[in-house]
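*Asks:* A single structure is presented below for examination.
Numbering (our numbering), first residue to last: 239 to 488.
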C-alpha cells in the first residue's frame with residue numbers, strides 16, 4: 239500500500255475508534271465489520287511480500303492503528319461477547335439498566351444465574367463487569383449486573399432526588415432484578431444466586447433470607463451494622479456532632 243493509502247486508512251481507524259468509544263455502537267456487529275474490512279483488504283492490510291519470504295507484512299503505522307482500533311474498545315469494555323444491554327422495571331415503576339452476560343460457549347440450555355449490584359453509590363462499571371465476566375467465563379452460569387436506582391444508567395423515581403440512597407429500596411430492587419432474570423429464556427428460575435459487596439453485601443443477606451427464589455448468597459465484606467461501623471470509625475467525642483448533623487439533614 240502507498241503512503242497516501244496508509245494515511246487514509248489510519249484516519250478511518252481513528253475515527254472508527256472515537257465513534258465506538260463515544261457512541262457505543264453494537265459491539266459484536268461492529269467488531270465483525272472491522273475484522274471483515276481488514277481481511278478483505280488482504281489480511282490486516284499487507285504490503286508487498288518480501289523477496290526472501292512469502293509472509294505477508296504491513297506498515298507499522300497501519301499496524302498500530304489496527305491494534306488501537308481493535309484493542310482500545312476492548313479495554314473499554316465495548317466489545318464484550320455474550321453481553322447484552324438490558325433494562326427492567328421495578329415494582330414502583332422505575333427503570334433500572336445494566337448488562338446480561340452468558341458464557342461464550344452457551345448452546346441454548348437453561349443456565350443458573352447470579353444477580354450482582356453494588357450498594358451505596360458505586361456503579362456497575364466499577365468492577366462488576368469483572369466479576370460477571372469471571373463467573374461466566376469459568377462456570378456454566380449467566381450473570382445480571384445493574385446500576386442502583388438514581389445512579390449510573392438507571393432512572394430515579396419521578397419527583398424524588400437522584401443520587402439518594404435508601405437501603406430498603408435497593409433491597410427491593412434486588413428482588414425485582416431476580417424477577418426479571420428469572421423470566422429470561424436463558425435462565426433456570428430455580429437456580430438463582432445473588433452477589434453483593436460491602437453495603438450490598440448486607441443487602442443480599444436480607445434478600446436471601448426473605449426471597450425464597452434465592453438458592454445461594456455470595457456476600458463479600460458485608461456491612462451488617464451501620465451503627466457499629468459508625469462507632470468504630472468515629473471518635474466518641476465527635477459522635478455527638480455527627481449525630482446532630484444527621485438529625486439536621488446537613
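Cβ atoms here follow ideal geometry from the backbone N, Cα and C, with glycine treated the same way.
Note that this is a predicted model, so its numbers are computed, not measured.
Would the beta-carbon of residue 353 fall within 8 Å of that of residue 367?
*Replies:* Counting from one through the chain shown, the residue named residue 353 turns up at place 115. Counting from one through the chain shown, the residue named residue 367 turns up at place 129. No, the pair does not count as a contact, with Cβ atoms beyond the cut-off.
*Asks:* Given a threshold of 16 other Cβ atoms within 10 Å of its Cβ, counted over all protein chains shown, does residue 362 qualify as buried or as exposed?
*Replies:* Within the chain shown, residue 362 is the residue found at index 124, counting from 1. Flag for residue 362 reads buried.
*Asks:* Put residue 480 into one of helix, strand or coil per three-state DSSP.
*Replies:* Taking the first residue of the chain shown as position 1, residue 480 is located at position 242. Helix at residue 480.
*Asks:* Considering only C-alpha positions, which residue in the set 444, 422, 345 and 478 is nearest to residue 460?
*Replies:* Counting from one through the chain shown, the residue named residue 460 turns up at place 222. Considering only alpha carbons, the answer is 444.
*Asks:* Considering just the uninterrupted stretch of the beta strand (DSSP E) at residue 354, what are its terminal residues?
*Replies:* Residue 354 sits at position 116 when you count from the first residue of the chain shown. Segment 349 to 355, the beta strand (DSSP E) holding residue 354.
*Asks:* Taking 6 Å as the limit between beta carbons, can you name the residues of its chain near residue 392, skipping five residues before and five after?
*Replies:* Your numbering for residue 392 matches position 154 in the chain shown. Only 334, 335 and 385 meet the Cβ criterion.
*Asks:* Using 8 Å for Cβ pairs, my map puts residue 374 next to residue 434. What's the rounded Cβ distance?
*Replies:* Your numbering for residue 374 matches position 136 in the chain shown. Your numbering for residue 434 matches position 196 in the chain shown. Actually they are not in contact, since the Cβ atoms of residue 374 and residue 434 sit about 18 Å apart, beyond 8 Å.
*Asks:* What does the alpha-carbon distance come out to for the pair residue 482 and residue 404?
*Replies:* Residue 482 sits at position 244 when you count from the first residue of the chain shown. Residue 404 sits at position 166 when you count from the first residue of the chain shown. Roughly 20 Å separates the two Cα atoms.
*Asks:* Less than 8 Å between the beta carbons of residue 430 and residue 416, yes or no?
*Replies:* Residue numbering aside, residue 430 sits at position 192 when the chain shown is read from its first letter. Residue numbering aside, residue 416 sits at position 178 when the chain shown is read from its first letter. Yes, the pair counts as a contact, with Cβ atoms nearer than the cut-off.
*Asks:* Opposite residue 360 in the DSSP bridges: which residues?
*Replies:* If you number the chain shown from 1, residue 360 lands on position 122. Answer by DSSP bridge pairing: none, since residue 360 is not bridged.
*Asks:* Mind reading off the beta-carbon distance from residue 340 to residue 380? Whole number of angstroms is fine, and I expect it under 8 Å.
*Replies:* For the purposes of this step, residue 340 is taken as the residue at position 102 of the chain shown. For the purposes of this step, residue 380 is taken as the residue at position 142 of the chain shown. Between residue 380 and residue 340 the Cβ distance is about 5 Å, and since that is below 8 Å, they are a contact.
*Asks:* What are the complete beta strand (DSSP E) segments, minimum 3 residues, inside the region 424 to 448?
*Replies:* Entirely contained in the region 424 to 448, the beta strand (DSSP E) runs reaching 3 residues are, in chain order, 425 to 435.
*Asks:* Should residue 485 be labelled buried (16 or more other beta-carbon atoms within 10 Å of its own) or exposed?
*Replies:* Position 247 of the chain shown, counted from the first residue, corresponds to residue 485. Result: exposed.
*Asks:* Taking a contact to mean a Cβ-Cβ separation below 8 Å, would you say residue 412 touches residue 442 in this structure?
*Replies:* On the chain shown, residue 412 is found 174 positions in, with the first residue counted as 1. On the chain shown, residue 442 is found 204 positions in, with the first residue counted as 1. The answer is yes: Cβ separation under 8 Å.
*Asks:* Going by Cα to Cα distance, which pick from 342, 458, 378 and 358 is closest to residue 348?
*Replies:* Against the chain shown, residue 348 aligns to sequence position 110. Comparing Cα-Cα distances from residue 348 to each of 342, 458, 378 and 358, the minimum goes to 378.
*Asks:* Looking at the C-beta of residue 358, does it have a partner C-beta in chain C at a distance below 8 Å?
*Replies:* Protein chain content of the structure displayed is limited to a single chain, and chain C is not contained in it.
*Asks:* Applying the 10 Å Cβ sphere with the 16-neighbour rule, what's the burial state of residue 463?
*Replies:* One-based indexing of the chain shown puts residue 463 at position 225. So residue 463 ends up on the exposed side.
*Asks:* Report the residue ranges of all alpha helix (DSSP H) runs contained in full by the region 367 to 431; include only those spanning at least 4 residues, in chain order.
*Replies:* Counting whole runs of 4 or more residues, the region 367 to 431 contains the alpha helix (DSSP H) stretches 405 to 420.
*Asks:* Hey, could you find the ends of the beta strand (DSSP E) residue 323 is sitting in?
*Replies:* Here the question's residue 323 lines up with position 85 in the chain shown. Residue 323 -> beta strand (DSSP E) spans 321 to 327.
*Asks:* Taking the straight line between their C-alpha atoms, what separation do you get for residue 457 and residue 326?
*Replies:* On the chain shown, residue 457 is found 219 positions in, with the first residue counted as 1. On the chain shown, residue 326 is found 88 positions in, with the first residue counted as 1. Cα-Cα distance, rounded: 24 Å.
*Asks:* Return the bridge partner residues of residue 454 from the DSSP annotation.
*Replies:* Numbered from 1 along the chain shown, position 216 holds the residue referred to as residue 454. In DSSP, residue 454 forms a bridge with 431.
*Asks:* Can you say whether residue 337 is buried or exposed, counting buried as having 16 or more other CB atoms within 10 angstroms of its CB?
*Replies:* Locating residue 337 in the chain shown gives position 99, counting from the first residue. By the neighbour-count rule (16 or more Cβ atoms within 10 Å), residue 337 is buried.
*Asks:* Quick check on the DSSP output: the alpha helix (DSSP H) that includes residue 471 runs from which residue to which?
*Replies:* Stepping through the chain shown from its first residue, residue 471 is reached at position 233. Unbroken alpha helix (DSSP H) run through residue 471: 464 to 471.
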